[in-house]
Amino acid sequence: MDDTSVKVDRATRDRLKTLAGGQPLKDYLADLAKREEQERALDTATAAFRRVIAEPGLLDRFDTDFGGLPAPAASNTSRAA
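Those letters in the sequence shown? Residues 3 to 83, by my numbering.
Dropping the structure here:
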């Protein structure tokens, strides 16, 4: 992929370089864009999930259709006091 330039003021460039640590700024910005895309996708999925579970009776129907949550596994391990 061909490279291009983005103009930012020196203060912003310096902040980005600091955030990038030793990573090349080009790579850091690519990673930053990918993380932002993932965050937005997660926000969209979370909003959709909240809309769905807000539907009255949905969780009860889910439990009826799928048997609800499994019982917690019995644990034989001791817990420290």
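Ideal placement from N, C-alpha and C gives every residue a C-beta, glycine not left out.
Predicted model, so just to flag it, every value in this text is computed and none were measured.
Separation of residue j from residue i, as counted between CA atoms
| i | j | result |
| --- | --- | --- |
| Ala73 | Asp33 | 40 Å |
| Ala75 | Thr66 | 21 Å |
| Ala13 | Leu27 | 14 Å |
| Thr48 | Gly70 | 21 Å |
| Ala35 | Arg15 | 16 Å |
Range of the contiguous alpha helix (DSSP H) that encloses residue i
| i | result |
| --- | --- |
| Val54 | 27 to 55 |
| Leu21 | 12 to 22 |
| Asp4 | Here Asp4 belongs to no alpha helix (DSSP H), and DSSP marks it neither H nor E. |
Short Cβ contact (9 Å threshold) for residue i with residue j
| i | j | result |
| --- | --- | --- |
| Val10 | Leu21 | no |
Cβ separation of residue i and residue j, assumed to be a contact under 8 Å, to the nearest whole Å
| i | j | result |
| --- | --- | --- |
| Leu61 | Val54 | The pair is not a contact, with the Cβ atoms about 10 Å apart (cut-off 8 Å). |
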